[in-house]
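Accompanying notes for the structure given below.
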C-alpha cells in the first residue's frame, strides 16, 4: 500500500455549470458513470447537497471481466458553489483498491471556471499515477 496525493486543475465553462456537473446526480451520471465502453452493473446515485449522502456503483472497464465498486460519501457541498468534499472507497473483485478524500474548489477565471481537485489516499495496489491518470481522463469528459 502507498499513501499519496495529487492535484489536477482544469479551466472550463461558467462556474454554475461546472459546479452542477458535480453537485447534481443526473449531470454527474453523464460524465462520471456512463463513460464510453464501460459496463455499469449497478448505480445508486445520491444528491450530494445532503451531507452524508451515499452513492454506490459497480462497473467493469472496456474489454475486462473484472468488477470494480465505488462507494462515495458526500461530506460537504458549499452552497456558494465554491467547494465540495467527499470520500470514496474502491474495490477490485471485492478486494480493497483504494480509500480517498477529495477536495474540489471552483473559482471564476474570466468567463469560465478554474477547477482544482486534490485527492489524498491510500492506494492498496500502489498505483497512485494510475489513479491520477484516471481522474484526469474523467475530468476531460466534463
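Residue numbers (my numbering): 56 to 197. Quick reminder that beta carbons are idealized off the backbone N, C-alpha and C, glycines included.
**OP:** Using a threshold of 8 Å, state whether the C-beta atoms of residue 73 and residue 170 are closer than that.
**Re:** The sequence position of residue 73 within the chain shown is 18, counting from 1. The sequence position of residue 170 within the chain shown is 115, counting from 1. Contact: yes.
Original post:
Rounded to a whole number of angstroms, what is the C-alpha to C-alpha distance between residue 80 and residue 56?
Top reply: To locate residue 80, count along the chain shown from 1; it is residue 25. To locate residue 56, count along the chain shown from 1; it is residue 1. The straight-line gap from Cα to Cα measures roughly 31 Å.
Original post:
If we count the other Cβ atoms within 10 Å of its Cβ and call it buried at 16 or more, is residue 162 buried or exposed?
Top reply: As a working note, residue 162 is residue 107 in the chain shown. Residue 162 comes out exposed.
**OP:** Using alpha carbons as the reference points, say which of 149, 145, 156 lies closest to residue 139.
**Re:** Residue 139 sits at position 84 when you count from the first residue of the chain shown. Proximity to residue 139 across 149, 145, 156 peaks at 156, based on C-alpha coordinates.
Subject >> DSSP bridge partner residues for residue 133 (one or two, in chain order) >> reply: Taking the first residue of the chain shown as 1, we reach residue 133 at position 78. Per DSSP, none; premise fails for residue 133.
Original post:
How far does the alpha helix (DSSP H) with residue 158 in it reach, from first residue to last?
Top reply: To locate residue 158, count along the chain shown from 1; it is residue 103. Run containing residue 158: none in the alpha helix (DSSP H); it sits in the beta strand (DSSP E), 150-164.
Original post:
If we count Cβ pairs, one from each stretch, closer than 8 Å, do we get three or more for the region 101-112 versus the region 125-136?
Top reply: Segment contact: the region 101-112 against the region 125-136, three or more CB-CB distances shorter than 8 Å; contact assigned.
Original post:
Applying the criterion that 16 or more other CB atoms from any shown protein chain within 10 Å of the CB defines a buried residue, is residue 70 buried or exposed?
Top reply: Position 15 of the chain shown, counting from 1, holds the residue named residue 70. Buried, because 16 or more other Cβ atoms sit within 10 Å of the Cβ of residue 70.
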